[in-house]
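Novice: Please see the structure below; I have some questions.
Protein chains: 2
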Amino acid sequence: MVVFIFDNHLVVFMVERRDVFQAIADPTRRIIIQKLSRGPLNIAQIGVDLEMSRQAIAKHIKILNECGMISMTQKGREQVCEARIERLEEVMDWVAKSRELWSQRFEKLDRFLNETKKR
Amino acid sequence: MVVFIFDNHLVVFMVERRDVFQAIADPTRRIIIQKLSRGPLNIAQIGVDLEMSRQAIAKHIKILNECGMISMTQKGREQVCEARIERLEEVMDWVAKSRELWSQRFEKLDRFLNETKKR
DNA sequence: TATAAATACAACCATTTGGTTGTGCAAACT
DNA sequence: AGTTTGCACAACCAAATGGTTGTATTTATA
Numbered sequence: 001m002v003v004f005i006f007d008n009h010l011v012v013f014m015v016e017r018r019d020v021f022q023a024i025a026d027p028t029r030r031i032i033i034q035k036l037s038r039g040p041l042n043i044a045q046i047g048v049d050l051e052m053s054r055q056a057i058a059k060h061i062k063i064l065n066e067c068g069m070i071s072m073t074q075k076g077r078e079q080v081c082e083a084r085i086e087r088l089e090e091v092m093d094w095v096a097k098s099r100e101l102w103s104q105r106f107e108k109l110d111r112f113l114n115e116t117k118k119r
Numbered sequence: 001m002v003v004f005i006f007d008n009h010l011v012v013f014m015v016e017r018r019d020v021f022q023a024i025a026d027p028t029r030r031i032i033i034q035k036l037s038r039g040p041l042n043i044a045q046i047g048v049d050l051e052m053s054r055q056a057i058a059k060h061i062k063i064l065n066e067c068g069m070i071s072m073t074q075k076g077r078e079q080v081c082e083a084r085i086e087r088l089e090e091v092m093d094w095v096a097k098s099r100e101l102w103s104q105r106f107e108k109l110d111r112f113l114n115e116t117k118k119r
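This is the structure:
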C-alpha cells in the first residue's frame, strides 16, 4: 500500500502485486481475455493459434487467475476458464479519473481567463 | 506482431514492446500519470512524496515516454513532463471491445432461448 | 485394457523490471 | 565565483517475467 498527500488530498493506493493492470499488461493475456469474453474455454482451447507451448499458456492463465481476471472450475479432466469482465471496471474507473483531472485542468484555466477578462 | 484467425476473423495484434498497457501496469507510473493529469511537472516535482530515489523516478519517466504516455520538453535545466491523456483511449477501446464481446454472448443466448420458446 | 487427452509440477534459462548508489555536468541562484 | 539544483549516465543487484523442456497423473475414449 502507498499513502501520500497530494494537492491537499490523502491518496491511498492499494498495491497488490497481482492486480487487473498487471493482468492486461501482457499482449498474450489480452488475447486470452478477449477469447474468454466470447465464452468459457479450457486451457487447450485457449492455446489454439497462440504460437506458444501449453505450459506458457498455463502460466498466463495462472497469473490471470491470481489477478482475479478469470475464474476456473474443474470439469472432469478439463480446467474451464471464464472471464470476470467486471474486474475491468477498475481499469475504466482509473482511466476516467485521469481524464477527469485532465479536463478539470482546462476548466480551471477557462475560469481564470474569464476572471481576468472581467477586470 | 501476432496474427491468427479466431471466430472467422483475422486477428492482428501490434505488439510493441512499449505500449500504453505497459505504461499503466506499474502502480508508481499510475500515480505519476495522475499527478501529470493535473498539469505539467518536472522530474523533481513528480518525485515529491514518492518514497523513492530520483533515479528510480527518472526510470519510470523514461518508460512512460517510450510508451508515448508523456511528452517531455527541455526548459533550461528542467525536464518538463506532460501527460498525453489521449493515449488512454487505446485502453478504453480495448476494455470496451472486451465488454461488447461479453454482452454479445448473452444476447446470443437470449436469441437462442427465444427461438426455442417459439417452437 | 491400452491409449490419447488435459493438465499439473518442476527445473531451467535469458531478459526485463524496479530499485539502489556513485559520478559528473550544465543551468541557475547568492 | 562558488554553491545549489536538476538531471543524465553507468554500474550493480535481487526478483519477476515469459518462455522452454521433461516427467507424472488423472480422466476419457477406442
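Chains as they are written, first to last, in full-length UniProt numbering: chain S, 1 to 119; chain B, 1 to 119. Using N, Cα and C, we set each Cβ at its ideal position, and we do this for glycine too. Treat the numbers as computed from the prediction; the structure is a model and nothing was measured.
Looking only at C-alpha atoms, which of L64/B, L41/B, V95/B and Q45/B sits nearest to A23/B?
Specialist: Numbered from 1 along the second sequence, position 23 holds the residue referred to as residue 23/B. Nearest of L64/B, L41/B, V95/B and Q45/B to A23/B, Cα basis: L64/B.
Novice: Examine chain S for any beta-carbon lying closer than 8 Å to the beta-carbon of R54/B, and answer yes or no.
Specialist: In the second sequence, residue 54/B corresponds to position 54, counting from 1. So no, R54/B is outside the interface.
Novice: Counting only beta-carbon atoms, is M72/B nearer than 8 Å to chain S?
Specialist: Within the second sequence, residue 72/B is the residue found at index 72, counting from 1. It does not; no Cβ of chain S falls within 8 Å.
Novice: Which residues share a DSSP beta bridge with M72/S?
Specialist: Residue numbering aside, residue 72/S sits at position 72 when the first sequence is read from its first letter. Among the bridge pairs identified by DSSP, M72/S is matched with C81/S.
Novice: Give the range of the alpha helix (DSSP H) segment to which R30/B is assigned.
Specialist: Taking the first residue of the second sequence as 1, we reach residue 30/B at position 30. Boundaries of the alpha helix (DSSP H) around R30/B: P27 to L36.
Novice: When the cut-off is 8 Å and only beta carbons count, does P44/S lie next to chain B?
Specialist: In the first sequence, the residue the question calls residue 44/S occupies position 44. Reading off the sequence shown, one finds Ala at residue 44/S, where the question assumed Pro. Not an interface residue.
Novice: Buried or exposed: where does Q55/S fall if 16 or more other Cβ atoms within 10 Å of its Cβ makes it buried?
Specialist: Numbered from its first residue, the first sequence carries residue 55/S at position 55. Looking at its Cβ environment, which holds fewer than 16 other Cβ atoms inside 10 Å, Q55/S is exposed.
Novice: Name the DSSP beta bridge partners of L41/S, please?
Specialist: Within the first sequence, the letter at position 41 stands for residue 41/S. According to DSSP, L41/S bridges with C81/S.
Novice: Using CA atoms only, rank isn't needed, just tell me which of R105/B, T73/B and R87/B is closest to L36/S.
Specialist: In the first sequence, counting from the first residue as 1, residue 36/S sits at position 36. The option with the nearest alpha carbon to L36/S is R105/B.
Novice: In whole angstroms, what is the alpha-carbon distance linking R87/B and L50/B?
Specialist: Taking the second sequence and counting its residues from 1, the one referred to as residue 87/B is at position 87. Taking the second sequence and counting its residues from 1, the one referred to as residue 50/B is at position 50. Each residue's Cα considered, the two are about 24 Å apart.
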